[in-house]
Ligand code: DQA
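Residue numbers (this note's numbering): 1 to 142.
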């Protein structure tokens, strides 16, 4: 089972970006934690990050074409704006799990709407880097 872990804008700055909100772990730290957990679960992970909306759309299509088992998607701020990512989730058969480090519902009102959550299989938010691990466990069990 191959699980894509797709990360959107500004997540390349994790570790130095608002650590009080997002924690001090870098995306590389999260990727190696996920690789360890994937090994325990007997799955594999493909972790990517882009600041460009269209790259994320292309990777969702690739996940479908490559027969991925699931996609974990932290779309960053595109969560709150992207009809294109919403449509991409609906366009593919691969189940998509929404992931956030913070809990957007407990933050500014502009973060309360999620175009990703409206189309995703489920969501994990608010547990910092552990959100990814919990989502990986859920994805592996699908
Ligand atoms: C985020 C939450 C979003 O609102 C924000 O724009 C991000 C990160 C999170 O993981 O908590 O970039 O997706």
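We put the beta carbon where it would ideally sit given N, CA and C, even for glycine.
In the DSSP assignment, the beta strand (DSSP E) including residue i goes from what residue to what residue?
i	result
residue 62	Where residue 62 is concerned, there is no enclosing beta strand (DSSP E), although the alpha helix (DSSP H) it sits in stretches over 53-65.
residue 123	122-125
residue 44	44-49
residue 97	96-100
residue 140	No beta strand (DSSP E) holds residue 140; the alpha helix (DSSP H) holding it covers 130-141.
Taking the alpha-carbon positions, what's the residue i to residue j distance?
i	j	result
residue 47	residue 5	5 Å
residue 26	residue 90	30 Å
residue 56	residue 15	22 Å
residue 8	residue 59	11 Å
residue 87	residue 119	8 Å
residue 17	residue 23	8 Å
residue 94	residue 108	31 Å
Would you kindly check if the distance between the Cβ of residue j and the Cβ of residue i is under 7 Å?
i	j	result
residue 122	residue 97	yes
residue 43	residue 135	no
residue 3	residue 70	yes
Return the first residue and the last residue of the alpha helix (DSSP H) that residue i is part of.
i	result
residue 39	27-41
residue 14	Where residue 14 is concerned, there is no enclosing alpha helix (DSSP H), given that its DSSP letter is neither H nor E.
By the 10 Å Cβ neighbour count, where 16 or more other Cβ atoms means buried, how is residue i classified, buried or exposed?
i	result
residue 103	exposed
residue 21	exposed
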